[in-house]
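Asks: Going by this note's numbering, the sequence shown opens with residue 3, and the numbers climb by one from there.
Heads up, the beta-carbon is just placed ideally off N, CA and C, and yes, glycines get one too.
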Amino acid sequence: MNTPTSSRALGTGPAGLSPVGFGCMGLVGWYGTRDDAESTATLLEALESGVNHFDTAASYQIGENEKFIGPILKPWRERIVLASKCGLARGPDGGVVADNKPQTIRTSLDASLARLGTDYIDLFYLHRIDTQVPIEESVGTLAELVAAGKIRHIGLSECSVATLRRAAAVHPIAAVQTEYSIWSRDPERGMLATCAELGTTFVAYSPLGRGFLAGNFSRLDELPANDNRRSHPRFQDEAAALNKQLVDTLRELGSELGASAAQIALAWVLAQAPHIVTIPGMKTRAHLRDNLAGGRLQLDAAQLARIEQRAAAIEVHGERHPPAMMQAVDR
3 MNTPTSSRAL GTGPAGLSPV GFGCMGLVGW YGTRDDAEST ATLLEALESG VNHFDTAASY
63 QIGENEKFIG PILKPWRERI VLASKCGLAR GPDGGVVADN KPQTIRTSLD ASLARLGTDY
123 IDLFYLHRID TQVPIEESVG TLAELVAAGK IRHIGLSECS VATLRRAAAV HPIAAVQTEY
183 SIWSRDPERG MLATCAELGT TFVAYSPLGR GFLAGNFSRL DELPANDNRR SHPRFQDEAA
243 ALNKQLVDTL RELGSELGAS AAQIALAWVL AQAPHIVTIP GMKTRAHLRD NLAGGRLQLD
303 AAQLARIEQR AAAIEVHGER HPPAMMQAVD R
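(1) Given that a residue counts as buried once 16 or more other Cβ atoms are within 10 Å of its Cβ, and exposed if not, what is Ser-20?
(2) Got a sec, what are the start and stop residues for the beta strand (DSSP E) Ile-266 sits in?
(3) So Lys-87 is in the beta strand (DSSP E); what residue range does that whole segment cover?
(4) Is it right to say Arg-221 is buried, meaning 16 or more other beta carbons lie within 10 angstroms of its own, or is it exposed?
(5) Exposed or buried, Gly-93, counting other C-beta atoms within 10 Å across all chains shown (16 or more means buried)?
(6) Quick check for students: name the residue ranges of the beta strand (DSSP E) that lie wholly in the stretch 119-196, counting only runs of 3 or more.
(7) State the Cα-Cα distance for the pair Asn-4 and Ser-208, rounded to the nearest angstrom.
(8) Can you list, in chain order, the stretches of the beta strand (DSSP E) that have 3 or more residues and sit fully within the stretch 195-233?
(9) Straight-line CA distance for Ala-177 to Leu-268?
(10) If we count Cβ pairs, one from each stretch, closer than 8 Å, do we get three or more for the stretch 253-261 versus the stretch 53-64?
(11) DSSP on Ala-100, reduced to helix/strand/coil?
(12) For the beta strand (DSSP E) that contains Gly-18, what are its first and last residues?
(13) First and last residue of the beta strand (DSSP E) that includes Phe-56?
(14) Val-249 lies in the beta strand (DSSP E); which residues open and close that run?
(15) Can you give the beta carbon distance from Gly-89 to Ile-64, rounded, assuming they're within the 8 Å contact cut?
(16) For Ile-71, which three-state DSSP category applies?
(17) Using a 10 Å radius around the Cβ and a threshold of 16 neighbouring Cβ atoms, would you call Ala-85 buried or exposed?
(18) Could you check whether Gln-305 and Val-98 sit closer than 8 Å to each other, using their CB atoms as the reference points?
(19) Near Ala-43, what residues of its chain come up, given a Cβ to Cβ distance below 7 Å and the 5 sequence neighbours on each side ignored?
(20) With distances taken Cα to Cα, identify the nearest neighbour of Ala-149 among Asp-292, Arg-168, Ile-123 and Leu-158.
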């Protein structure tokens, strides 16, 4: 494994986390077709290239994601940060159910450990916040699991600033994971600053807008029939046609710098604060190489200001999740 050129810290620990991590959700489905050979090759090349942060969840393909990546990552286990999540499932009506009850957390962790083939998880998140269970109770359970050696760090996903503060009063929260990109900027309304104050790493998922900001597709008919993105409001044809203006802006600047739209989008996120890391989803070696180049790209103040000015003039159309998932976001 190569040493990352510009590593960042997890929580209040020393630097060592690759700024471009690996979002594993799409490796075995979700975003269209599954190609296990290419997914395996992509994971292995990521490891050899210095990526040491791999993110999965119990809910991804109902455990199949953890089963897939566990054996591949196992030979590297002591050299990587392995993250997983619990507490999110689909209800019988198709809605999203958050369950952060202590017994659910314990049961889910044991199942994830078994599927991943490991005896500890470096970073374990509450995938969504269960408003029916006091966050102090859920984090207290996670703190007991830290003491037991089953997890090393606690994380929260899509939480509010108020929830983060209540949680951090019980136990240090090493990471908050929330969608963040040039077109999804809710974390700028307090979360990024609060994470910096508390010594919490901010993990930006979907920094490439699920591939849209990278220019991987611009219309629904370019996506496979079984691609989950077909249900997202921002990718419906009328919204996508308007949102494409932002991609054109990224491509324009990229062409001047000899970079792709994806590289500009990733570099922009990483430039916003030193406590931010990214976990773009990728399932091909071509996308991996593009993303790693984005992690090395340094945008200067003038370039960042130009992106900011152009982005501010473009209205983003559509929510970032389908309605059921938006309802599960802690506000």
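Replies: Per the coordinate set shown:
(1) In the sequence shown, counting from the first residue as 1, residue 20 sits at position 18. That one is buried.
(2) The residue you call residue 266 lines up with position 264 of the sequence shown. Run containing Ile-266: none in the beta strand (DSSP E); it sits in the alpha helix (DSSP H), 263-273.
(3) Sequence index remark: in the sequence shown, residue 87 carries index 85 (1-based). Element bounds for Lys-87: 83-88.
(4) Numbered from 1 along the sequence shown, position 219 holds the residue referred to as residue 221. By the neighbour-count rule (16 or more Cβ atoms within 10 Å), Arg-221 is not buried but exposed.
(5) Here residue 93 corresponds to residue number 91 of the sequence shown, with the count starting at 1. So Gly-93 counts as exposed.
(6) 123-128, 153-159 and 177-181
(7) For this step, residue 4 is matched to residue 2 along the sequence shown. For this step, residue 208 is matched to residue 206 along the sequence shown. In this prediction, Asn-4 has a pLDDT of 48, which is less than 50 and means its spatial position is unreliable; what the coordinates show is noted afterwards. Using only the alpha carbons, I get a separation of about 25 Å.
(8) 203-207
(9) Reading the sequence shown from its first residue, position 175 is the one you call residue 177. Reading the sequence shown from its first residue, position 266 is the one you call residue 268. Approximately 19 Å, taken between the alpha carbons.
(10) no
(11) As a working note, residue 100 is residue 98 in the sequence shown. It is a strand residue.
(12) Taking the first residue of the sequence shown as 1, we reach residue 18 at position 16. 17-19 is the span of the beta strand (DSSP E), which, as asked, contains Gly-18.
(13) Within the sequence shown, residue 56 is the residue found at index 54, counting from 1. From DSSP, the beta strand (DSSP E) with Phe-56 extends over 55-57.
(14) The residue you call residue 249 lines up with position 247 of the sequence shown. Unbroken run through Val-249 is the alpha helix (DSSP H), 239-259; no beta strand (DSSP E).
(15) Taking the sequence shown and counting its residues from 1, the one referred to as residue 89 is at position 87. Taking the sequence shown and counting its residues from 1, the one referred to as residue 64 is at position 62. That belief does not hold up - the Cβ atoms of Gly-89 and Ile-64 are roughly 14 Å apart, past 8 Å.
(16) The sequence position of residue 71 within the sequence shown is 69, counting from 1. Ile-71 falls in the helix class under three-state DSSP.
(17) Here the question's residue 85 lines up with position 83 in the sequence shown. Its Cβ being crowded by 16 or more others within 10 Å, Ala-85 is buried.
(18) Along the sequence shown, read from residue 1 onward, the residue named residue 98 stands at position 96. Along the sequence shown, read from residue 1 onward, the residue named residue 305 stands at position 303. Cβ distance not < 8 Å, so Val-98 and Gln-305 don't count as in contact.
(19) Position 41 of the sequence shown, counted from the start, is the residue given in the question as residue 43. Here the set comprises Arg-287.
(20) Locating residue 149 in the sequence shown gives position 147, where the first residue counts as 1. With distances taken between Cα atoms, Ala-149 lies closest to Ile-123.
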